[in-house]
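Shown next, in structure tokens, is the structure this report addresses.
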DNA sequence: CATAGAAGTTACCCGGAGTATGATCAAGCG
DNA sequence: CGCTTGATCATACTCCGGGTAACTTCTATG
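Residue numbers (our numbering), protein chains in the order written: chain A, 4 to 230; chain B, 4 to 230.
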């Protein structure tokens with residue numbers, strides 16, 4: 004209901020003189036929160052986050068309304084980061100491939116895309132396990148009433164878009180798109196979660212095995228059902 | 004550390020005369036807890052569960068030690084149920100298939116197994132969404148110190164065992180087994196979670212699409228890497 | 001009968017989410 | 001300048017759920 008954030012001239016009475024604007028402050032808070040979670044783990048309390056930001060709890064609640072709202076904002080920020088990392092990784096991988104439209108070329112492109120994406124994801128898990136754990140288990144979730152539908156949906160949508168761009172628009176039915184996207188994301192989550200506990204296998208091998216599974220699944224969904 | 008539960012003759016002083024034995028009581032508690040969670044959702048409080056069982060909180064803690072311990076017990080019970088439902092479903096599906104050892108027979112068997120398993124799982128989600136949500140988001144998790152490693156591992160192990168039995172023992176490397184198992188389980192979780200929110204597609208179709216993806220992934224992991 | 005050991009309940013503690021209240025500051029207006 | 005207004009922020013609270021301490025009750029055993 005706090006719809007006061009419309010059309011205000013960004014410098015209102017009450018704001019400290021040289022202080023940050025509302026959006027700057029929001030970014031600071033998100034950054035601080037991610038730092039704390041990265042350090043102390045996914046169940047950092049709101050007090051800890053506020054203290055790390057040099058502020059107190061009510062400020063957080065003014066900005067995010069809820070702990071779930073805050074988790075949602077953090078998830079969005081993480082999604083942003085991962086997207087950037089992923090697109091650069093993708094661009095590099097695709098630049099190495101000769102263009103072409105044959106079936107084998109299409110397979111090679113798909114393979115390269117999947118490997119690059121999964122490698123970027125697993126690298127993220129490797130670099131910051133606590134942030135990954137936060138993504139997997141957003142605290143205060145488990146109730147479907149809030150809109151913390153997590154980045155699973157975002158990621159699934161992104162996969163869907165990439166697939167559409169690769170194989171043409173009407174190739175997959177909406178159901179197939181949903182199932183394939185969720186399968187890939189969920190499988191990657193589960194494998195990464197296991198790897199996060201048991202790092203007994205190098206990253207490259209993990210990505211290879213997972214990619215083989217995923218690519219085959221995608222290809223199978225692309226060919227018409229032969230049941 | 005309460006290791007007093009060793010070698011006691013099951014009828015000790017202190018127990019009410021006609022009352023249930025310790026294991027019976029434990030089963031009652033689990034049953035009551037599952038009932039409450041099924042009714043009020045996955046974030047039922049310990050007080051609610053205790054009240055539903057006609058008892059009070061300390062009894063629960065005496066039996067399960069912890070909320071995580073309780074969640075672990077509940078997960079085990081659910082795993083038991085699902086396993087039963089699954090094996091019967093599997094037996095029925097496999098009975099319809101003619102035996103044989105050719106590659107196409109093997110593919111048909113694998114397909115039948117995967118379809119039956121996924122159908123049993125999705126049926127479980129359909130019949131009791133709240134229990135499924137509890138499985139997905141065990142409350143009080145997010146800290147790796149407790150042993151609530153969830154049934155993801157159990158399920159992944161079960162898949163691994165089935166696969167070994169189907170394709171022979173040394174066919175898959177340990178890493179492959181882990182990756183395939185987690186991929187299947189995680190993908191099924193994610194797809195089911197989406198379907199739980201958006202039931203816009205009949206169960207059979209969902210299972211078909213998911214099975215196609217999973218079977219292809221498994222088959223690909225079985226064939227030696229062709230990069 | 002007295003003792004022991006287990007089951008149960010009441011009443012509490014503790015920590016984290018979320019909020020009511022008041023202090024403080026900056027701009028605008030007389 | 002003095003006053004009002006509207007915004008930020010901190011102190012200090014309430015509320016609720018997980019977990020526990022202490023006491024009572026009961027049954028079997030010596």
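Backbone N, C-alpha and C define an ideal beta-carbon position, used for all residues, glycine too.
Keep in mind the model is a prediction, meaning the values are calculated, not measured.
By alpha-carbon positions, which one of the options ends up nearest to residue i?
| i | options | result |
| --- | --- | --- |
| residue 132/A | 220/A, 91/A, 45/A and 66/A | 45/A |
| residue 77/B | 182/B, 212/B and 139/B | 139/B |
| residue 208/B | 105/A, 63/A, 182/A and 164/A | 182/A |
| residue 39/B | 184/B, 52/B and 92/B | 52/B |
| residue 3/B | 119/B, 158/B and 188/B | Any answer about residue 3/B is impossible in this case: the structure gives chain B only from 4 up to 230. |
| residue 173/B | 224/B, 213/B and 211/B | 224/B |
| residue 58/B | 222/B, 126/B and 29/B | 29/B |
| residue 1/A | 67/A, 98/A, 36/A and 121/A | Since the first residue shown for chain A is 4 and the last is 230, residue 1/A is missing from the structure and cannot be characterised. |
| residue 129/A | 196/A, 109/A, 106/A and 71/A | 196/A |
| residue 86/A | 171/A, 165/A, 198/A and 200/A | 165/A |
| residue 176/A | 188/A, 163/A and 187/A | 163/A |
| residue 81/B | 211/B, 178/B and 154/B | 154/B |
| residue 94/A | 216/A, 115/A, 79/A and 171/A | 115/A |
| residue 142/B | 199/B, 69/B and 56/B | 69/B |
| residue 71/A | 89/A, 106/A, 25/A and 137/A | 137/A |
| residue 198/A | 159/A, 226/A and 127/A | 127/A |
| residue 246/A | 222/B, 191/B, 178/B and 27/B | The structure shown does not extend to residue 246/A, since chain A spans only 4 to 230, so no value can be given for it. |
| residue 200/A | 83/B, 110/B, 156/B and 102/B | 156/B |
| residue 63/A | 123/A, 26/A, 213/A and 211/A | 26/A |
| residue 222/A | 159/A, 212/A, 210/A and 109/A | 109/A |
| residue 180/B | 187/A, 213/A and 159/A | 213/A |
Is residue i close to chain B? Criterion is C-beta to C-beta, closer than 8 Å.
| i | result |
| --- | --- |
| residue 11/A | With a pLDDT of 34 at residue 11/A, under the threshold of 50, the modelled position of this residue cannot be trusted; read the value that follows with caution. So, not an interface residue. |
| residue 4/A | At residue 4/A, the pLDDT of 34 sits below 50, so the modelled position is not reliable and the matter cannot be decided from this model. |
| residue 216/A | yes |
| residue 91/A | no |
| residue 27/A | no |
| residue 209/A | yes |
| residue 190/A | yes |
| residue 14/A | Here the model assigns residue 14/A a pLDDT of 40, short of 50, so the residue's position is not dependable and the matter cannot be decided. |
| residue 86/A | no |
| residue 219/A | yes |
| residue 8/A | Because residue 8/A sits at a pLDDT of 32, beneath the cut-off of 50, its placement in the model cannot be relied upon, and the following sentence gives the value as read from the coordinates. With 8 Å as the cut-off, residue 8/A does not count as an interface residue toward chain B. |
| residue 111/A | no |
| residue 155/A | yes |
Checking contacts by CB at 8 Å: is residue i closer than that to chain A?
| i | result |
| --- | --- |
| residue 70/B | no |
| residue 60/B | no |
| residue 212/B | yes |
| residue 224/B | yes |
| residue 119/B | no |
| residue 194/B | yes |
| residue 107/B | no |
| residue 138/B | no |
| residue 39/B | no |
| residue 204/B | yes |
Contact check, residue i vs residue j under 8 Å by CB: the rounded distance?
| i | j | result |
| --- | --- | --- |
| residue 194/B | residue 167/A | Between residue 167/A and residue 194/B the Cβ distance is about 19 Å, and since that is not below 8 Å, they are no contact. |
| residue 117/B | residue 218/B | 5 Å |
| residue 100/A | residue 66/A | No, residue 100/A and residue 66/A are not in contact; Cβ-Cβ is about 44 Å, not under 8 Å. |
| residue 35/A | residue 73/A | Not confirmed; about 11 Å, so no contact. |
| residue 189/B | residue 216/A | The Cβ separation is near 11 Å, so there is no contact. |
| residue 41/A | residue 134/A | 5 Å |
| residue 112/A | residue 54/A | About 48 Å; that fails the 8 Å criterion. |
| residue 281/B | residue 123/B | Nothing can be reported for residue 281/B, as the shown portion of chain B is limited to 4 through 230. |
* **Complete alpha helix (DSSP H) runs within the segment 51-136 of chain B (minimum length 4 residues, chain order)** => Residue ranges of uninterrupted alpha helix (DSSP H) with 4 or more members, entirely inside the segment 51-136 of chain B and ordered along the chain, are 60-67, 70-98 and 106-130.
* With 8 Å as the C-beta to C-beta threshold (strictly closer), list the residues of the segment 169-188 of chain B near chain A in chain order. => For chain A, the residues of the segment 169-188 of chain B that bring a beta carbon within less than 8 Å of one of its beta carbons are 178, 179, 181, 182, 183, 185, 186, 187 and 188, in chain order.
* **Members of the segment 41-52 of chain A near chain B, C-beta cut-off 8 Å** => Contact residues of the segment 41-52 of chain A toward chain B are 44, 45 and 46 (C-beta to C-beta distance below 8 Å).
* What residue ranges within the segment 146-217 of chain A form continuous alpha helix (DSSP H) runs of no fewer than 4 residues, ordered along the chain? -> Inside the segment 146-217 of chain A, DSSP marks whole alpha helix (DSSP H) runs of 4 or more residues at positions 153-170 and 177-200, from first to last along the chain.
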